[in-house]
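Per the working numbering, residue 11 is the first one in the sequence shown, and the count goes up by one each step.
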Amino acid sequence: MKLNIKRDDPIQLELGKGGPRVKKRDRRTIEKEILVAAVQPSNKTRLVYQANLNFKTVIPYLDELIRKELLNFVDSRLYVTTPKGLGFIRAVKRLEKM
11 MKLNIKRDDP IQLELGKGGP RVKKRDRRTI EKEILVAAVQ PSNKTRLVYQ
61 ANLNFKTVIP YLDELIRKEL LNFVDSRLYV TTPKGLGFIR AVKRLEKM
């Protein structure tokens, strides 16, 4: 069954050529989401799910956040946001409001 959707049809405009358009998140937003998830000590699995990432993608972010002292690795398996990381979260939220 073939659908006849006109070019100016709202459905067509929303879907575009290749399907729904998804806005990509920037690095700062992803880092903020990881830090928000780690306000309570969290394992890597929880951070992956909370930030909507995969295990392969999250590793470089975790390494960078630890290097910048925004995130700590404690008890050999838990990550927790540092006070500096909390400041980063507040700064990003202020930027998002602009």
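From the three backbone atoms N, C-alpha and C, an ideal C-beta is built for every residue, glycine too.
Any non-hydrogen atom of the ligand NAP closer than 6 Å to residue i Cβ
i: threonine 92; result: You won't find the ligand NAP in this model; it holds no ligand whatsoever.
CA-to-CA distance, residue j to residue i, given in whole angstroms
i: proline 93; j: arginine 37; result: 20 Å
i: valine 58; j: proline 70; result: 12 Å
i: aspartate 85; j: alanine 48; result: 14 Å
Paired residues, beta bridge with residue i - DSSP
i: valine 90; result: Asn82
Buried versus exposed call for residue i [16 or more other C-beta atoms within 10 Å across all chains shown]
i: threonine 55; result: exposed
i: glutamate 41; result: buried
Contact set for residue i: own chain, Cβ-Cβ below 8 Å, skip 5 residues either direction
i: valine 7; result: In the structure as shown, the chain starts at 11 and stops at 108, and residue 7 therefore has no counterpart that could be examined.
Continuous alpha helix (DSSP H) stretch holding residue i: start and end
i: glutamine 60; result: 54 to 60
i: leucine 72; result: 65 to 77
i: alanine 47; result: 37 to 47
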